[in-house]
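Following this note's numbering, the numbering of the sequence shown begins with 147 at its first residue and continues without gaps.
Inspection log for the structure reproduced underneath, given as structure tokens.
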Amino acid sequence: MAGDLAGKVALVTGGGSGIGLGCARYLANVGAQVVILDVNETAGKAARAEIGNDALFICTDVSSSDDCRRAVEQVDDRFGRIDILVNSAGVIRRKSVVDLAEEEWDLVLDVSLKGTYLMSKYVIPVMERTGGAIVNIGSGWGLKGGPQAAAYCAAKGGVVNLTRAMA
């Protein structure tokens with residue numbers, strides 16, 4: 147399996163920790179050139195150092211259209227292609243609807259759903275030139291809901307249906 151993705155360029159949002167870091171590790175292990183996107187500079191740099199293999203890190207707030215566009219342009223300018231996008235960045239707030247502040251609702255949806263939309267919006271034109279695949283990380287809670295996580299469930303349900311709409 148090692149080398150199956152040699153020569154491929156993979157962007158991983160939320161690549162500094164959690165599922166994103168796991169995806170970045172795997173992609174590097176099978177030969178991809180990994181670009182870690184994360185808003186947490188410390189975590190992103192640590193992930194880059196751990197992965198090695200010429201992994202890159204770009205500090206990116208996926209809820210910002212300018213940051214997403216800039217990151218995609220930077221990778222496209224450097225490599226001339228983006229073969230894989232893993233939309234893994236996400237935020238969860240474990241609170242009831244009543245206890246969840248509007249700002250927390252906005253943060254969860256902006257990172258988990260809007261970030262998936264924005265990264266896809268800017269990567270798709272690159273992939274139309276060179277081919278590629280987008281992997282959106284959803285959740286079972288996006289399909290069936292879950293306790294004390296209304297914003298997360300709404301965001302991941304949106305990711306599931308955004309994925310269907312883009313397919």
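For each residue, glycine too, the CB sits at the ideal point set by N, CA and C.
Short Cβ contact (8 Å threshold) for residue i with residue j
i	j	result
Val-180	Ala-189	no
Met-265	Leu-289	no
Thr-276	Arg-227	yes
Val-158	Val-208	no
Identity of the residues DSSP links to residue i by a beta bridge
i	result
Ala-156	Val-180, Ile-230
Cys-205	Asp-184
Ala-279	Ile-230
Ala-295	Lys-241
C-alpha distance - residue i paired with residue j, whole-angstrom precision
i	j	result
Gly-160	Ile-182	7 Å
Met-147	Ser-242	Residue confidence for Met-147 is low, a pLDDT of 49 falling below 50, so the modelled location carries little weight; the figure read from the coordinates is stated next. Going from the Cα of Met-147 to the Cα of Ser-242 covers about 44 Å.
Cys-299	Met-312	20 Å
Ala-279	Asp-229	6 Å
Trp-287	Glu-274	31 Å
Val-176	Asp-245	44 Å
Val-221	Gly-292	37 Å
Ala-178	Gly-166	15 Å
Cys-169	Ile-197	11 Å
Proximity to residue i [Cα-Cα], best of the options
i	options	result
Val-237	Val-244, Val-254, Ala-152, Ala-296	Val-254
Asp-223	Gly-291, Val-272, Thr-206	Val-272
Val-305	Arg-240, Ala-235, Asp-184, Ala-247	Ala-235
Cys-205	Lys-302, Ala-193, Thr-309	Ala-193
The ligand PLP heavy atom lying under 7 Å from the CB of residue i
i	result
Ala-152	This structure does not include the ligand PLP; it has no bound ligands of any sort.
**Report entry** Ranges of the beta strand (DSSP E) found wholly within the region 223–271, counting only runs of at least 3
**Finding:** Unbroken beta strand (DSSP E) stretches of 3 residues or longer found wholly inside the region 223–271: 230–233, given in chain order.
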